[in-house]
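Protein chains in written order, with the working numbering: chain A, 1 to 112; chain B, 1001 to 1115. The beta carbon of each residue, even a glycine, is placed where N, CA and C say it ideally should be. Bear in mind that the values here come from a model prediction, so they are computed numbers and not experimental data.
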Amino acid sequence: AQSVSQHNHHVILSEAASLELGCNYSYGGTVNLFWYVQYPGQHLQLLLKYFSGDPLVKGIKGFEAEFIKSKFSFNLRKPSVQWSDTAEYFCAVKAGSYQLTFGKGTKLSVIP
Amino acid sequence: GAGVSQTPSNKVTEKGKYVELRCDPISGHTALYWYRQSLGQGPEFLIYFQGTGAADDSGLPNDRFFAVRPEGSVSTLKIQRTERGDSAVYLCASSSTRAGRDTQYFGPGTRLTVL
C-alpha cells in the first residue's frame, strides 16, 4: 500500500518569507499528486494537482509544486507567504486506484 | 448545489448508539467517497461509490460501518453501536471521474463525538 510522508508538522514563518513544504510518497508506478489546503474553520480545498506533463505545477494563490519522480517527491513552494496563507496543508497521492492517500498534514503559521 | 454538503455539521452521541451521516455530492458527480479524519492525522479512505454501488469498501474499519447511495446521488454513512474510538471528522468527497483526471472535491465534514 502506498504511504505519504510530510516532513514538517508545524512551520512558522514571517510574512514575505519563502515556503517549501516537503512531501514524499512510496509507490513505484504512475501517480497523480495533489496538495489540499484547509484554512481555519473551512473545508479541504484543492490547491494544485499533477497528472502528467510538465512536472512544475502552478496552483492558486501563487503556490507551485514540483514532481521529482526519481525522488518520489512533490514539494510545495511559495516565494513569499502572506498572513492569509496560515492553514493546514495536506499532500495526497492517487496511485493505481481512485482513493486518495493523505499525509498527516503540515500546519503553517504566518506571523504578520 | 455549488459544492459538497454534509449534515449534520456536528453530532454528539453516546457510546452504543446508532448514527447516520449524510452527504450530498456536487450535482452530476457520479463518484462519491467517504473519508475519516482523526485528530492530528490526514483523511483516511473508507468507501467509494460509483453510481449506486459500493465499488470499494476496503477502508471500512469493521462491520459496524455501512454506507448506502440508493439513487446514485445522496449517500448516508451509518455507524452502529458507536464506540469512543469512532470520534473523528467524517468527510465526503465527490468527483466526475473523467477517466484518469478526476479531482475529488470535499465537503465540510461531520464532526462526530462519541461520549
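At a cut-off of 8 Å between beta-carbon atoms, A:Q2 makes no contact with chain B. Put simply, the backbone Cα of B:D1057 is about 13 Å away from that of A:S97. With a beta-carbon spacing of about 5 Å, A:V93 and A:V4 fall inside the 8 Å limit used to define contacts. Boundaries of the beta strand (DSSP E) around B:S1094: 1088-1095. The beta carbon of A:Y89 lies closer than 7 Å to those of L21, W35, V37, L76, G105, T106, L108 in the same chain, with the five residues before and after it left out.
Residues of the region 47-77 of chain A with a C-beta less than 8 Å from any C-beta of chain B: K49, F51, listed in chain order.
Against chain B, the CB of A:G96 has no partner CB under 8 Å away; the residue lies outside that interface.
Sorting A:Q6, A:A1, A:F63 by C-alpha distance to the C-alpha of A:C91 places A:Q6 at the top. Look at B:I1026 here: in three-state DSSP terms it is coil, with no helix or strand label. A straight-line Cα-Cα distance of about 26 Å links A:H43 and B:G1053. With a cut-off of 8 Å on Cβ pairs, the region 10-19 of chain A is not in contact with the region 1075-1091 of chain B, counting fewer than three such pairs. Contact between the region 1008-1018 of chain B and the region 1107-1115 of chain B is present: 3 or more CB-CB pairs across the two stretches fall below 8 Å.
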